[in-house]
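Trainee: Here it is, the structure, as structure tokens.
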Amino acid sequence: MAELTYLGGYPDPLKAQVQQLIATGKLGEMLAKRYPESHQIQSDKALLAYTMGLKNRYLKSSAPLAKVVFDGKINVIKDALGLHTYVSRVQGSKLKAKNEIRIAALFKEAPAPFLAMIVVHELAHLKEKDHNKSFYQLCQHMEPDYHQLEFDLRLWLTWRDINNTNGSPAA
-11 MAELTYLGGY
-1 PDPLKAQVQQ
9 LIATGKLGEM
19 LAKRYPESHQ
29 IQSDKALLAY
39 TMGLKNRYLK
49 SSAPLAKVVF
59 DGKINVIKDA
69 LGLHTYVSRV
79 QGSKLKAKNE
89 IRIAALFKEA
99 PAPFLAMIVV
109 HELAHLKEKD
119 HNKSFYQLCQ
129 HMEPDYHQLE
139 FDLRLWLTWR
149 DINNTNGSPA
159 A
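Residue numbers (this note's numbering): -11 to 159.
Have a look at this one:
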């Protein structure tokens, strides 16, 4: 029986369904059918442009972003899928704070909707610091299928761990 590390907070009947998909070898097939296309965003520059496009569309008045990068050091299980940080620096007599978003490098190989979901999640932290009702409402405003994508991303991470692969479910 596969360990469902990424599905800890979900109800047991749902976990049982996932276990059944894993046992029959159909989890990867289901994900490949649902998310057949990857994305072309492979560089930090492309990720910044993509993120700024979403930010300018949905969060025009929010704080500016100083940096958006893929980060190979983010450990998906221990840390997160992405990180939103404030970097404070003293410049002369002023304290300057800059917003940075770091996305786990594994999302270079993820289906496009999963990258969108992670970017939306991190952008929402510009307005809402905590994972509260307002935060998730903002995520859904930017990505209406946010909750389904988050669940499917957890399934993809589970499938990826089981198969020890770095690619798409079709691989």
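Beta carbons are placed, not taken as given, at the ideal position from N, Cα and C, and that holds for glycine.
These numbers were taken from a predicted model, which means no experiment stands behind them.
Which runs of the beta strand (DSSP E) at least 3 residues long sit entirely within the segment 33 to 65? Give them in chain order.
Mentor: The qualifying runs are 53 to 59.
Trainee: Which residue wins for smallest C-alpha separation from V107, given the options K82, Q79, D32, W144?
Mentor: Answer by Cα proximity: D32.
Trainee: Anyone know if the C-beta pair for I29 and Y38 falls short of 8 Å?
Mentor: The answer is yes: Cβ separation under 8 Å.
Trainee: Would you kindly check if the distance between the Cβ of V56 and the Cβ of L36 is under 8 Å?
Mentor: Yes, Cβ-Cβ distance for L36 and V56 is below 8 Å.
Trainee: Can you give the beta carbon distance from R90 to D59, rounded, assuming they're within the 8 Å contact cut?
Mentor: That pair is a contact at about 4 Å.
Trainee: Specify whether the segment 75 to 84 and the segment 9 to 27 touch according to this definition: at least 3 beta carbon pairs, one from each stretch, less than 8 Å apart.
Mentor: Flag = no, the segment 75 to 84 and the segment 9 to 27 do not touch.
Trainee: Please report how far the alpha carbon of F123 lies from the alpha carbon of K117, in whole angstroms.
Mentor: When rounded, the distance between both Cα atoms is 8 Å.
Trainee: Going residue by residue through the segment 126 to 154, where are the continuous beta strand (DSSP E) segments of at least 3 residues, counting only ones entirely within it?
Mentor: Counting only runs of 3 or more, we get nothing.
Trainee: Given that a residue counts as buried once 16 or more other Cβ atoms are within 10 Å of its Cβ, and exposed if not, what is H119?
Mentor: Classification of H119: exposed, given that the 10 Å Cβ count is below 16.
Trainee: By a C-beta neighbour count over all protein chains shown, 10 Å radius and 16 as the cutoff for buried, is R45 buried or exposed?
Mentor: So R45 counts as exposed.
Trainee: Could you check what DSSP says for K121 in three-state terms: helix, strand or coil?
Mentor: Correct three-state label for K121: helix.
Trainee: Assess contact between the segment 123 to 133 and the segment 90 to 100, defined as three or more Cβ pairs (one per stretch) separated by less than 8 Å. Is contact present?
Mentor: No: the two stretches stay apart, fewer than three of their Cβ pairs being nearer than 8 Å.
Trainee: Opposite Q79 in the DSSP bridges: which residues?
Mentor: Answer by DSSP bridge pairing, in chain order: K82.
Trainee: Just grab the DSSP bridge partners of P99 for me.
Mentor: P99 is bridged to S26.
Trainee: Rounding to the nearest angstrom, what Cα-Cα distance links L145 and Y(-6) in this structure?
Mentor: Going by the C-alpha atoms only, they are around 7 Å apart.
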